[in-house]
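In terms of the working numbering, the sequence shown opens at residue 19 and continues consecutively.
A virtual CB, placed ideally from N, CA and C, is assigned to each residue, including glycine.
One structure is given below, encoded as structure tokens.
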Amino acid sequence: VKVTAKSKGTADLLFYITGDTPEEAIKKVTITVESASGSTDTGSTSGTTPSTPVVTPVEPELDDKQPTDISAADEEVVNAIEAGKKAALEAEVALQKATSADVQKAIAKGESALKQIAQAIPNATSDEVVKYGVNQLGVSAERLVLASKDIKTATAIIDILAKEVNVLLQNPAIKGYAMKDLKADTAFVASRALEKAGTVTISTKVNKDKAIATITKTADVEAVLSEIKQGANELDKILRPLGIKVARKVTLKVDVAQNVAKVETKVPADVFQKAEKVVQSMDFVFPFAKINFPVDAIKNIDDGKEFSLQVERKDTGNSFILSAMLDGEKITQFEKMLMIQLAHTLRKSQNLDHVTVVYAPAFQNMGATVGQKVARFETDHFSTYVIADNAKTFIDVPSNHWVAPYVTSMAAKGVISGVTENQFAPSVNVTRAEFAKLIVETLGLPLEDKVTFADVKPEDWFYSYVGAAAKAGIVVGDGAKFNPNASITREDMAVMLGRAIIHQGGTLKDAAAKIDLSMYVDGAEVADYAKQSVAAMTSYLFMEGKGNGEMDPKGNARREEAAKVIYMLFNY
Numbered sequence: 019v020k021v022t023a024k025s026k027g028t029a030d031l032l033f034y035i036t037g038d039t040p041e042e043a044i045k046k047v048t049i050t051v052e053s054a055s056g057s058t059d060t061g062s063t064s065g066t067t068p069s070t071p072v073v074t075p076v077e078p079e080l081d082d083k084q085p086t087d088i089s090a091a092d093e094e095v096v097n098a099i100e101a102g103k104k105a106a107l108e109a110e111v112a113l114q115k116a117t118s119a120d121v122q123k124a125i126a127k128g129e130s131a132l133k134q135i136a137q138a139i140p141n142a143t144s145d146e147v148v149k150y151g152v153n154q155l156g157v158s159a160e161r162l163v164l165a166s167k168d169i170k171t172a173t174a175i176i177d178i179l180a181k182e183v184n185v186l187l188q189n190p191a192i193k194g195y196a197m198k199d200l201k202a203d204t205a206f207v208a209s210r211a212l213e214k215a216g217t218v219t220i221s222t223k224v225n226k227d228k229a230i231a232t233i234t235k236t237a238d239v240e241a242v243l244s245e246i247k248q249g250a251n252e253l254d255k256i257l258r259p260l261g262i263k264v265a266r267k268v269t270l271k272v273d274v275a276q277n278v279a280k281v282e283t284k285v286p287a288d289v290f291q292k293a294e295k296v297v298q299s300m301d302f303v304f305p306f307a308k309i310n311f312p313v314d315a316i317k318n319i320d321d322g323k324e325f326s327l328q329v330e331r332k333d334t335g336n337s338f339i340l341s342a343m344l345d346g347e348k349i350t351q352f353e354k355m356l357m358i359q360l361a362h363t364l365r366k367s368q369n370l371d372h373v374t375v376v377y378a379p380a381f382q383n384m385g386a387t388v389g390q391k392v393a394r395f396e397t398d399h400f401s402t403y404v405i406a407d408n409a410k411t412f413i414d415v416p417s418n419h420w421v422a423p424y425v426t427s428m429a430a431k432g433v434i435s436g437v438t439e440n441q442f443a444p445s446v447n448v449t450r451a452e453f454a455k456l457i458v459e460t461l462g463l464p465l466e467d468k469v470t471f472a473d474v475k476p477e478d479w480f481y482s483y484v485g486a487a488a489k490a491g492i493v494v495g496d497g498a499k500f501n502p503n504a505s506i507t508r509e510d511m512a513v514m515l516g517r518a519i520i521h522q523g524g525t526l527k528d529a530a531a532k533i534d535l536s537m538y539v540d541g542a543e544v545a546d547y548a549k550q551s552v553a554a555m556t557s558y559l560f561m562e563g564k565g566n567g568e569m570d571p572k573g574n575a576r577r578e579e580a581a582k583v584i585y586m587l588f589n590y
């Protein structure tokens, strides 16, 4: 720790670690200044500082970076947002210190702060500032929830947030992308509130480089499940007007007081049976990993006695070995997809869009979403996973090409590929079969070997992809035919994207209502069946006009356009 010391003695430094619970968030480190001359000295420290990254359950990973190069009007909006953030920090401290007698005053401070941020957002003139405001509303609400001492107080904060979000959603200035983020952030903050009631902390015993955490009785879990049920019911009432239903899950947090390379947790198998009656999933939280198990993900769990889960972090820091056992027998396949989060340290030279997760020994690209601190991906089996750079460039997509960021990112994630090893062919048209495959790869849909289209044969390379897209309701075709080799039009691309969003639990109606297609000179040419999808994709910023005020709905979509919309869908 470097300090500017004007005199000898000691000083307490307070570190606020975002994402931790209020009790853990503030770390005090006492430094001893051994020499002083007004210059910068390095003092000795007491206290513990983790040497490996730690998973903080921030989903989505929220960015605190202020927008730059903005208009004077937007500067005023950002200043108002910053003032609201400052007020939220003061409310956060008030909540941490609040007694039962003055907790309502602290909640009122939080309400005032959130209102200040929310009311500034619609005044923004740029998408960047709108996104920043929405982001900071979520960040501030999350901090207030984490500072709350009980689920009742946290629920009061969610109620305030939900009301402000509801007002914003009705504002014409809030387009589809912001509506989606507002709802997603609110759902996440609500899940954080539920975690206050739904977390069981498991103490560990450390043997050399391995920590073992064991739940010997289910009583603690049962008590928490009862709290979750009550808290979730209250949150559902609050969030119902927004169309949000809070995810019900119980969190088993492994408490490790020191850095270890391996962490194992053991729980009675009947914990899953009891949890299944109340929650949809269980989170196992380790110092450097977080694994979400659907309660019905393990075959024959009802017949087992003990379930164990181990995570090992290799010396390289970005390599992890995951394994699970039921009564000592290794589980090789799960019945449902698990969400995995792995902590990592992003180097300054790394580009987030070029980093992915691969699993050994097959080195299959997992198509991970990688943030500043956490890499996230889904899997139905365990293995060794490596967070790695996988940058891929093409000679016909130079770095200054408008589509370069989208192409290199999706190529790094294994979603798209070139027409050859080194060429992408950005201006070539995309066929309907090719675009169906891109959506299937982006969403991670299981391939399907049953196809009813007369013009899609088992020997066709796209057979299973079209089958998967059809089963998910993303492609319908023209009567009995799909026309796989025809170029896809821009309006049909929008329709497939819209169906993909609906498949993922999203909606089109409200976003589409924010866009008037008559603003395009050819807006009337959009087919009736595609109008809502084209409007929604414009509102979500997936698509935009082609210049001269045209949408060009009947025009063929090119590979460069497909790369951009697939990038947007991947990050939706």
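Check                                                                                                  : Outcome
Endpoints, alpha helix (DSSP H) assigned at Ser482                                                     : Tyr481 to Lys489
Three-state class that DSSP yields for Glu347 in the structure shown                                   : strand
Lys572 to Ile506 span [Cα, whole Å]                                                                    : 9 Å
C-beta atoms of Gln291 and Arg266 nearer than 7 Å                                                      : no
Inter-stretch contact at 8 Å, needing at least 3 Cβ pairs: the region 171-184 / the region 219-232     : no
Nearest residue (CA-CA) to Tyr558, options Val437, Val95 and Ile192                                    : Ile192
Pairwise C-alpha distance: Met343 and Ser326                                                           : 5 Å
Per DSSP, cross-strand counterpart(s) of Asn597                                                        : Here the chain comprises residues numbered 19 to 590, so residue 597 is not present and cannot be evaluated.
Exposure of Tyr483, with buried meaning 16 or more beta-carbon neighbours within 10 Å                  : buried
Ile598 - containing beta strand (DSSP E), residue span                                                 : Given that the chain is displayed from residue 19 to residue 590, the structure contains no residue 598 and the question cannot be resolved.
Counted within 10 angstroms of its Cβ, other Cβ atoms place Thr58 as buried (16 or more) or exposed    : Reliability of the predicted coordinates at Thr58 is poor, the pLDDT of 36 falling under 50, and no value is obtained from them.
Thr236 beta carbon less than 7 Å from that of Val617                                                   : Residue 617 lies beyond the residue range present for the chain, which begins at 19 and ends at 590; the question has no answer from this structure.
Residues near Lys133 in its chain [Cβ-Cβ closer than 7 Å; skip 5 each side]                            : Glu182
Under 7 Å between C-beta atoms of Asn440 and Arg576                                                    : no
Residues near Lys214 by beta carbon distance below 6 Å, same chain, minus five either side             : Ile169 and Ala172
Nearest to Gly346 (by Cα), restricted to the options Met357, Ala287 and Lys366                         : Ala287
Buried or exposed by the 16-neighbour rule on C-beta atoms within 10 Å, applied to Ala142              : buried
Simplified DSSP state of Phe338, which is helix, strand or coil                                        : strand
CB of Leu456 within 7 Å of CB of Ile584, strictly                                                      : yes
Beta-carbon separation (whole angstroms), Thr283 vs Ala231, contact threshold 8 Å                      : 4 Å
Nearest-angstrom beta carbon gap, Leu113 and Ala165 [assumed within contact, 8 Å]                      : 4 Å
Bridge partners - Leu360, DSSP secondary structure assignment                                          : Ala307 and Ala393
Neighbour-count burial assignment, Tyr547, 16 or more Cβ in a 10 Å radius                              : exposed
Which listed residue (Pro85, Val157, Asp496 and Val404) has its alpha carbon closest to that of Lys104 : Val157
Whether Lys431 touches Thr374 by CB criterion (7 Å)                                                    : yes
Local conformation of Gln368 per DSSP, three classes                                                   : coil
CA-to-CA distance, Ala378 to Met555, given in whole angstroms                                          : 37 Å
Segment limits, alpha helix (DSSP H) that includes Asp320                                              : Unbroken run through Asp320: none, as it is neither H nor E.
Local Cβ density within 10 Å of Ile309, reported as buried at 16 or more and exposed below that        : buried
Identity of the residue in Val425, Tyr403 and Thr525 nearest Ile413 by Cα                              : Val425
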